[in-house]
Amino acid sequence: MDESKKEEIVSVEPESEVKENTIDQKNAEDKKDEPIDFLLRIVPEHRKVSREVTEGDIERVIEEAKVLFNICYSQNGPYNGALAMAHPQIDDKDPLRFFVTASAELIINPVIVRRTKTTIDSVEGCYTYPSLPPLKTVQRSNKIEVEYQTIEEDGKLSRVSYKGVSGKEAKVWQHEIGHLDAVYIYDNN
Ligand SMILES: [Zn+2]
């Protein structure tokens, strides 16, 4: 091996190190501009029943509702177009009783106060189970009456509202309230 080749080899190594560093830096810069991966927030099935939202939770509800809205309704949201999504789908440590809907509603502390006894088939999918067959037929009441709260413009928890819900909307409410109670469409029902 002559001296000039040795020189060459010695000089190649630091060069390749520099190259790798450059790539790492570029990746880091690319990541900085990437949107937050909201999909990473989705937690697997769990059996923790969500707790009631109180005035002290409002700030957290607003922040977490933003995450849910981004997952379901932002242009690049991983589940863009979802009908609704419940907080326990992104939090299995301290899940709160609320869900968001495609009509931009924030439904807090929902309770079904009445329901039709006869049930109808409802074909549903669930984002908590991304790897399972996407649709399952479950039984739902066609009409329900619900009480719920939301957040007022002044940032306070609203008084309890009441409404009747039917058809597709009733199915969505029952599916989401199921999430709050840690009941899933793949449970036997
Ligand atoms: Zn679901």
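Position in the sequence shown (from 1) plus 82 gives the number in this note's numbering.
Virtual Cβ for every residue (Gly too), placed ideally from N, Cα, C.
Around the C-beta of residue i, are 16 or more other C-beta atoms found within 10 angstroms, so that it is buried, or is it exposed?
{"i": "alanine 186", "result": "exposed"}
{"i": "proline 192", "result": "buried"}
{"i": "glycine 163", "result": "exposed"}
{"i": "serine 213", "result": "exposed"}
{"i": "asparagine 270", "result": "exposed"}
{"i": "arginine 129", "result": "exposed"}
{"i": "glycine 260", "result": "buried"}
{"i": "serine 243", "result": "exposed"}
{"i": "arginine 222", "result": "buried"}
{"i": "glutamate 146", "result": "buried"}
Output needed for residue i: all residues of its chain with C-beta closer than 7 Å, excluding positions within five of it in sequence on either side, in chain order.
{"i": "serine 132", "result": "His169, Pro170, Pro177, Leu178, Arg179, Leu262"}
Leaving out the 5 sequence neighbours to the left and right, which residues in its chain are closer than 8 Å to residue i when beta-carbon positions are compared?
{"i": "aspartate 139", "result": "Leu178"}
{"i": "lysine 148", "result": "none"}
Here's a check: name, in chain order, each residue in its chain whose Cβ is nearer than 6 Å to the Cβ of residue i, leaving out the five neighbours to either side.
{"i": "leucine 150", "result": "Met167, Val182"}
How long is the line joining the alpha carbons of residue i and residue j, rounded to whole angstroms?
{"i": "glutamate 141", "j": "lysine 238", "result": "10 Å"}
{"i": "glycine 207", "j": "phenylalanine 120", "result": "19 Å"}
{"i": "glutamine 157", "j": "threonine 200", "result": "38 Å"}
{"i": "glycine 159", "j": "lysine 225", "result": "31 Å"}
{"i": "isoleucine 124", "j": "arginine 197", "result": "30 Å"}
{"i": "tryptophan 255", "j": "glutamate 137", "result": "23 Å"}
Scan the stretch 218-252 and note each continuous beta strand (DSSP E) run of 3 residues or more that stays entirely inside, going in chain order. 218-223, 225-231, 243-248
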